[in-house]
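Take a look at the structure set out below.
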Amino acid sequence: MNIEKHISSCAHEALRSLYGDVAAEAVQVQKTRKEFDGDYTLVVFPFLKQSRKSPELTAEEVGRKICEMCPEVESFNVVKGFLNMSLATSFWRELFCGLVLDGGFGFGHKGEDRVMVEYSSPNTNKPLHLGHVRNNLLGYSVSRILEAAGGNVFKVNLVNDRGVHICKSMLAWQLFSDGETPQSSGMKGDHLVGKYYVAFDAEYKKQVKELTSGGMSEEEAKKEAPVMKQAQEMLRRWEAKDPEVYALWERMNGWVYEGFDKTYADMGVSFDKIYYESQTYLLGKELVEEGLAKGVFYRRDDNSVWIDLTSDGLDEKLLLRGDGTSVYMTQDMGTALSRHDEFGFDKMIYVVGNEQNYHFQVLKLILKKLGYDWADNIYHLSYGMVELPNGKMKSREGTVVDADDLIAEMVSTAYDMSKQMGKLDGYSDDEAMEIARKVGMGALKYFILKVDPKKTMLFNPQESIDFNGNTGPFIQYTYARIRSVLRKAEGMGIEVPAGVDGSFVPAPKEVELIKLINDFENVVRDAAAAMSPSVVAAYCYDLAKEFNQYYHDFSFIREDDPAVRASRLAIASFTSVVLDRALSLLGIEVPERM
RNA sequence: GGUCUCUUAGCUCAGCUGGAUAGAGCAUCAGAUUUCUAAUCUGACGGUCGCAGGUUCGAAUCCUGCAGAGAUCACCA
Numbered sequence: 004m005n006i007e008k009h010i011s012s013c014a015h016e017a018l019r020s021l022y023g024d025v026a027a028e029a030v031q032v033q034k035t036r037k038e039f040d041g042d043y044t045l046v047v048f049p050f051l052k053q054s055r056k057s058p059e060l061t062a063e064e065v066g067r068k069i070c071e072m073c074p075e076v077e078s079f080n081v082v083k084g085f086l087n088m089s090l091a092t093s094f095w096r097e098l099f100c101g102l103v104l105d106g107g108f109g110f111g112h113k114g115e116d117r118v119m120v121e122y123s124s125p126n127t128n129k130p131l132h133l134g135h136v137r138n139n140l141l142g143y144s145v146s147r148i149l150e151a152a153g154g155n156v157f158k159v160n161l162v163n164d165r166g167v168h169i170c171k172s173m174l175a176w177q178l179f180s181d182g183e184t185p186q187s188s189g190m191k192g193d194h195l196v197g198k199y200y201v202a203f204d205a206e207y208k209k210q211v212k213e214l215t216s217g218g219m220s221e222e223e224a225k226k227e228a229p230v231m232k233q234a235q236e237m238l239r240r241w242e243a244k245d246p247e248v249y250a251l252w253e254r255m256n257g258w259v260y261e262g263f264d265k266t267y268a269d270m271g272v273s274f275d276k277i278y279y280e281s282q283t284y285l286l287g288k289e290l291v292e293e294g295l296a297k298g299v300f301y302r303r304d305d306n307s308v309w310i311d312l313t314s315d316g317l318d319e320k321l322l323l324r325g326d327g328t329s330v331y332m333t334q335d336m337g338t339a340l341s342r343h344d345e346f347g348f349d350k351m352i353y354v355v356g357n358e359q360n361y362h363f364q365v366l367k368l369i370l371k372k373l374g375y376d377w378a379d380n381i382y383h384l385s386y387g388m389v390e391l392p393n394g395k396m397k398s399r400e401g402t403v404v405d406a407d408d409l410i411a412e413m414v415s416t417a418y419d420m421s422k423q424m425g426k427l428d429g430y431s432d433d434e435a436m437e438i439a440r441k442v443g444m445g446a447l448k449y450f451i452l453k454v455d456p457k458k459t460m461l462f463n464p465q466e467s468i469d470f471n472g473n474t475g476p477f478i479q480y481t482y483a484r485i486r487s488v489l490r491k492a493e494g495m496g497i498e499v500p501a502g503v504d505g506s507f508v509p510a511p512k513e514v515e516l517i518k519l520i521n522d523f524e525n526v527v528r529d530a531a532a533a534m535s536p537s538v539v540a541a542y543c544y545d546l547a548k549e550f551n552q553y554y555h556d557f558s559f560i561r562e563d564d565p566a567v568r569a570s571r572l573a574i575a576s577f578t579s580v581v582l583d584r585a586l587s588l589l590g591i592e593v594p595e596r597m
């Protein structure tokens, strides 16, 4: 339940009975800060004009009234203009019982709100890198969060599988590969294709250099380089569905998809539908006609079509080339429309890097101008770039952090560290690898998701990923520890009850845990509203930290009093359930031991 | 140049719709294990919340200006 809201409306009632008309917005109830006594705090400054008393006297007066009117509020104290209220321990006990009974926090029920989330959206000419990792983890986590908050979520991926950049890899493979395949080389398909993309670039540079040393300007050389002309010719043949080119394209993309599937599986992300740009790139042309008919767009002498957005503080934007072919914006408009027709979304979320902020601003605006009001339901979940200690990732300088390498590195580090600490003693290789996989991926996912999506984040391969402190493994460890206690209890024949009985008087630390557990529902709602997994990450950390303190100060199976022991085990058990649920929203798995 | 975003401890980050003495982790230093997992816990050290104004009883938070960093303004996607 939302206790703040409840206390807030109690306070509102009390204020009204004292001072008459009081605006609900003026009533602000917040959690009492740890350094003060109390559970919830009412700020009384806004009511001084009506009370005509000092802040302290006003708070006293309101406090007495609330105690009188609201049975949950047991006592209060006043510090300056702050009224700190304490709730009865029986209230917390009953709250915990209610949570256990409810049990699910509404999980597992698909809501009414139809939400489409597009993320990942890779190019098929090279393997995924660190930037994609942030995108994928964010997209997946946000989907989970929205689902938990009651959305009917549909995850989609729009694969950029066509274009001259794809042809570059294909051409280089034809020229230099001697027929190399993933099978013949043992190389992962996406990496193999990426290798030829790099090979193209090398050859291209070589040719440009030759041409410029022959006296040609660099600009011209870039256009005239034979491999570039060949790549463009190949794109034309692809568009004409030339059987030979098409077959090669399908074959090489197939290799890439096999590779991507592996990376996606490793990251634990999935999609409900995959769109291919080769099937959608012609969409949107009828919208251009529509825009022209409505006078929203205009045609220039060279037959190209534009929209003038200067009155909205933006620029003029091209929508159709002079030769009648469409551009990125046109495709995206068409894709959005067809998705809306097909899926009927209440919300469409694009998880795309912040370098495309302008694109999405324009996309929404154009759709609005065409009269599609649902454009208001389009959200660009814009996330910041991942930077390395020496700046941005640059493929030319070989500073790109490859996703597969990173994953392998994380898991092997987790393995080595676990081994060193003797955590893997007595486990089979498979069990040990499974623990290392969960912990290593947990570290990576938490590290990336704990940062506010919109912020540029720094990734230091040597130092950034930690397993202590505010990290994924810290939270996983808390979970594993609880599970260990519960296993031992079971082994000793001690029953772990789901809830607590009427004799249970929660200690202050237990009240803190109950409060936090109760907060989970609000946290999910807030995270969904902000589309920010970092809210959930912070919650996981708070809960784990709180529990670790509890664990340190209290006994569980060592406790002699059976009733007390049972209550503690119940709290521990339920904490593990919430930790599991919360981490699952980040796509992080929990190990039963580590 | 226009538009947008970011700037909080040595480092990486929290601080949401304005509220009390700005919080964590890492790093540094000092402690805690006969006892349920020490990947833990306790403490110390560390701040001109980029700068300057403004609104307010009250500003890291809202507004304006300035500085620094980044993105974008393609007949690329």
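Residue 41 in the numbering used here sits at position 38 of the first sequence, and the numbers go up by one each step.
All C-beta atoms, glycine included, are put in the ideal place defined by N, C-alpha and C.
Since the structure is predicted, the reported quantities are computational estimates derived from the model, not experimental observations.
Between which two residues does the beta strand (DSSP E) holding residue i run?
{"i": "His383", "result": "381-386"}
{"i": "Tyr43", "result": "43-46"}
{"i": "Gln465", "result": "Where Gln465 is concerned, there is no enclosing beta strand (DSSP E), given that its DSSP letter is neither H nor E."}
{"i": "Arg117", "result": "116-121"}
{"i": "Tyr279", "result": "276-279"}
Please report the straight-line C-alpha distance between residue i and residue j, rounded to a whole angstrom.
{"i": "Tyr482", "j": "Pro500", "result": "18 angstroms"}
{"i": "Tyr418", "j": "Arg484", "result": "19 angstroms"}
{"i": "Leu546", "j": "Tyr449", "result": "15 angstroms"}
{"i": "Ser385", "j": "Asp556", "result": "43 angstroms"}
{"i": "Ile6", "j": "Thr92", "result": "14 angstroms"}
{"i": "Ser124", "j": "Gly590", "result": "19 angstroms"}
{"i": "Lys52", "j": "Gly84", "result": "13 angstroms"}
{"i": "Phe203", "j": "Lys265", "result": "25 angstroms"}
{"i": "Glu222", "j": "Tyr207", "result": "13 angstroms"}
{"i": "Glu289", "j": "Gln334", "result": "11 angstroms"}
{"i": "Glu472", "j": "Asn393", "result": "A small fix is needed here, since residue 472 is Gly in this sequence, not Glu. Approximately 25 angstroms between the Cα atoms of the pair."}
{"i": "Leu18", "j": "Gln479", "result": "45 angstroms"}
{"i": "Gly316", "j": "Tyr382", "result": "20 angstroms"}
{"i": "Val32", "j": "Ser535", "result": "24 angstroms"}
{"i": "Asp42", "j": "Arg568", "result": "25 angstroms"}
{"i": "Val330", "j": "Tyr122", "result": "20 angstroms"}
{"i": "Ser314", "j": "Leu368", "result": "12 angstroms"}
{"i": "Gln359", "j": "Gly325", "result": "24 angstroms"}
Are the beta-carbon atoms of residue i and residue j separated by less than 7 angstroms?
{"i": "Trp176", "j": "Tyr199", "result": "yes"}
{"i": "Trp95", "j": "Pro511", "result": "no"}
{"i": "Gly387", "j": "Lys297", "result": "no"}
{"i": "Pro594", "j": "Ile410", "result": "no"}
{"i": "Ala540", "j": "Ile148", "result": "no"}
{"i": "Lys320", "j": "Val365", "result": "yes"}
{"i": "Glu77", "j": "Ser89", "result": "yes"}
{"i": "Trp1", "j": "Val196", "result": "The requested residue 1 is not part of the displayed model; the chain covers only 4 to 597."}
{"i": "Arg117", "j": "Asp455", "result": "no"}
{"i": "Phe462", "j": "Ala446", "result": "no"}
{"i": "Ala152", "j": "Val527", "result": "yes"}
{"i": "Gln233", "j": "Leu174", "result": "yes"}
{"i": "Thr215", "j": "Ala224", "result": "yes"}
{"i": "Pro49", "j": "Ala29", "result": "yes"}
{"i": "Lys191", "j": "Gly134", "result": "no"}
{"i": "His168", "j": "Ala406", "result": "no"}
{"i": "Thr328", "j": "Leu286", "result": "no"}
Please classify residue i as buried or exposed, where buried requires at least 16 neighbouring CB atoms within 10 angstroms.
{"i": "Gly23", "result": "exposed"}
{"i": "Thr127", "result": "buried"}
{"i": "Ser558", "result": "exposed"}
{"i": "Gly491", "result": "According to the sequence as given, residue 491 is Lys; it is not Gly. Exposed, by the Cβ-count rule."}
{"i": "Asp164", "result": "buried"}
{"i": "Leu178", "result": "exposed"}
{"i": "Phe306", "result": "Looking at the sequence provided, one finds Asn at residue 306 rather than Phe. Its Cβ having fewer than 16 others within 10 Å, Asn306 is exposed."}
{"i": "Pro74", "result": "exposed"}
{"i": "Lys3", "result": "The chain is shown from 4 up to 597; residue 3 falls before or after that span and cannot be answered."}
Ordered along the chain, which non-local residues of its own chain (more than five positions away) have a Cβ less than 6 angstroms from that of residue i?
{"i": "Glu412", "result": "none"}
{"i": "Lys129", "result": "Gly197, Tyr200"}
{"i": "Glu562", "result": "Arg568"}
Taking the alpha helix (DSSP H) that residue i falls in, what are its first and last residues?
{"i": "Tyr553", "result": "536-556"}
{"i": "Ile520", "result": "511-533"}
{"i": "Trp377", "result": "Where Trp377 is concerned, there is no enclosing alpha helix (DSSP H), given that its DSSP letter is neither H nor E."}
Excluding five sequence neighbours on each side, which residues of the same chain lie with their C-beta closer than 7 angstroms to the C-beta of residue i?
{"i": "Cys170", "result": "Ala234, Met237, Leu238, Trp241"}
Return the chain-ordered list of same chain residues with a C-beta closer than 8 angstroms to the C-beta of residue i, the five sequence neighbours on each side being excluded.
{"i": "Asp40", "result": "Asn80, Asn87, Ser89"}
{"i": "Val308", "result": "Val291, Gly294, Leu295, Phe300, Tyr301, Arg302, Leu321, Leu322, Leu323"}
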